[in-house]
Amino acid sequence: KTQVEQSPQSLVVRQGENCVLQCNYSVTPDNHLRWFKQDTGKGLVSLTVLVHENDKTSNGRYSATLDKDAKHSTLHITATLLDDTATYICVVGAESSSFSKLVFGQGTSLSVVP
Amino acid sequence: NAGVIQTPRHKVTGKGQEATLWCEPISGHSAVFWYRQTIVQGLEFLTYFRNQAPIDDSGMPKERFSAQMPNQSHSTLKIQSTQPQDSAVYLCASSWTGIAEQFFGPGTRLTVL
Numbered sequence: 001k002t003q004v005e006q007s008p009q010s011l012v013v014r015q016g017e018n019c020v021l022q023c024n025y026s027v028t029p030d031n032h033l034r035w036f037k038q039d040t041g042k043g044l045v046s047l048t049v050l051v052h053e054n055d056k057t058s059n060g061r062y063s064a065t066l067d068k069d070a071k072h073s074t075l076h077i078t079a080t081l082l083d084d085t086a087t088y089i090c091v092v093g094a095e096s097s098s099f100s101k102l103v104f105g106q107g108t109s110l111s112v113v114p
Numbered sequence: 001n002a003g004v005i006q007t008p009r010h011k012v013t014g015k016g017q018e019a020t021l022w023c024e025p026i027s028g029h030s031a032v033f034w035y036r037q038t039i040v041q042g043l044e045f046l047t048y049f050r051n052q053a054p055i056d057d058s059g060m061p062k063e064r065f066s067a068q069m070p071n072q073s074h075s076t077l078k079i080q081s082t083q084p085q086d087s088a089v090y091l092c093a094s095s096w097t098g099i100a101e102q103f104f105g106p107g108t109r110l111t112v113l
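Residue numbers (my numbering), protein chains in the order written: chain A, 1 to 114; chain B, 1 to 113.
Shown next, in the form of structure tokens:
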């Protein structure tokens, strides 16, 4: 059973448009949720982390929300650039007594075209 | 700060050969994690070290896979008798503590022919 589900699987937008990525999860306990950007052939770069119920974060053109009751998060990218083309991965941290066991979504593949 | 370093970046092996992947965590980080990424399964946790000691290897395949951390500056993931289904990107991450933010390396792409 998939514990972290992302939608859409893939998305194509024109440069300058806004887009919204969704993440639904069933992980318990859900200590925190983080959005990563993964460029092709590269590692994961953290965009933002959400910890508390109804958290909202903003990091430049990236903003995110978390609804822990609904176990749902969104990532908004405004005024997309060609360099935003990447896979965006939603990760839920299920903290055990000693470490954060990360549960990964399958990712949303975003393509920004001219 | 060079970040997490993984070598090699790409490795091609023949079926049945051994593959050793290296990870150098960020200096000062006491926690090291290994993950595997495939198109079908996505990213999966393999194993976790804290202060060089293995803490959780619940994600490691029971056979052929082993991980070590002989000193605080590097960890290795060894796959014996590689099989085509082992082909994946293997990612290493490190953090200050087990619950702090994890910083990921670029990964090693393993291809088993």
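Quick reminder that beta carbons are idealized off the backbone N, C-alpha and C, glycines included.
Below-8 angstroms beta-carbon distance, residue i vs any chain B residue
i: E5 (chain A); result: no
i: L75 (chain A); result: no
i: Q9 (chain A); result: no
i: K68 (chain A); result: no
i: S100 (chain A); result: yes
i: Q106 (chain A); result: yes
i: E95 (chain A); result: yes
Local Cβ density within 10 Å of residue i, reported as buried at 16 or more and exposed below that
i: G41 (chain A); result: exposed
i: H10 (chain B); result: exposed
i: S94 (chain B); result: buried
i: L21 (chain B); result: buried
i: K101 (chain A); result: buried
i: T108 (chain B); result: buried
i: D69 (chain A); result: exposed
i: G28 (chain B); result: exposed
i: G107 (chain A); result: buried
i: P8 (chain A); result: exposed
i: T80 (chain A); result: buried
i: H32 (chain A); result: buried
i: R14 (chain A); result: exposed
i: A2 (chain B); result: exposed
Assumed close pair residue i, residue j - CB separation to whole angstroms, cut-off 8 angstroms
i: G105 (chain B); j: I5 (chain B); result: 6 angstroms
i: A88 (chain B); j: L110 (chain B); result: 6 angstroms
i: E18 (chain B); j: I79 (chain B); result: 7 angstroms
i: F99 (chain A); j: V4 (chain A); result: Not a contact, Cβ separation roughly 18 angstroms.
i: T87 (chain A); j: S109 (chain A); result: 5 angstroms
i: I89 (chain A); j: F36 (chain A); result: 5 angstroms
Neighbour flag for residue i against chain A, beta carbons, 8 angstroms
i: L77 (chain B); result: no
i: L91 (chain B); result: yes
key: Residues, ordered as in the chain, of the region 39-68 of chain B that lie near chain A by beta-carbon distance below 8 angstroms   = For the region 39-68 of chain B, which is checked against every Cβ of chain A, the residues closer than 8 angstroms are G42, L43, E44, F45, Y48, R50, I55, D56.
ask   = Which residues, in order along the region 95-109 of chain B, keep a beta-carbon less than 9 angstroms from a beta-carbon of chain A?
value = Listed by position along the chain: S95, T97, G98, I99, A100, E101, Q102, F103, F104, G105, P106, G107, R109.
request  = Select from the region 9-32 of chain B all residues with a C-beta closer than 7 angstroms to any C-beta belonging to chain A, and list them in chain order.
outcome  = Result list: A31.
request  = Jot down the residue ranges of each uninterrupted beta strand (DSSP E) in the region 24-103 of chain A, minimum 3 residues, whole runs only, in chain order.
outcome  = You should have 32-38, 44-50, 56-59, 62-67, 72-77, 86-95.
task = For the region 25-36 of chain A, enumerate the residues whose C-beta is nearer than 9 angstroms to any C-beta of chain B, in chain order.
result = Going along the region 25-36 of chain A in chain order, one finds N31, R34, F36 with a Cβ nearer than 9 angstroms to chain B.
task = Return the residues of the region 42-56 of chain A that lie within a Cβ-Cβ distance of less than 9 angstroms from chain B, sorted by chain order.
result = The residues in question are K42, G43, L44, V45, S46, V49.
task = Output the residue ranges of the beta strand (DSSP E) runs that lie fully inside the region 6-40 of chain B and measure 3 residues or longer, sorted by chain position.
result = Segments of the beta strand (DSSP E) lying fully in the region 6-40 of chain B: 10-13, 19-24, 31-38.
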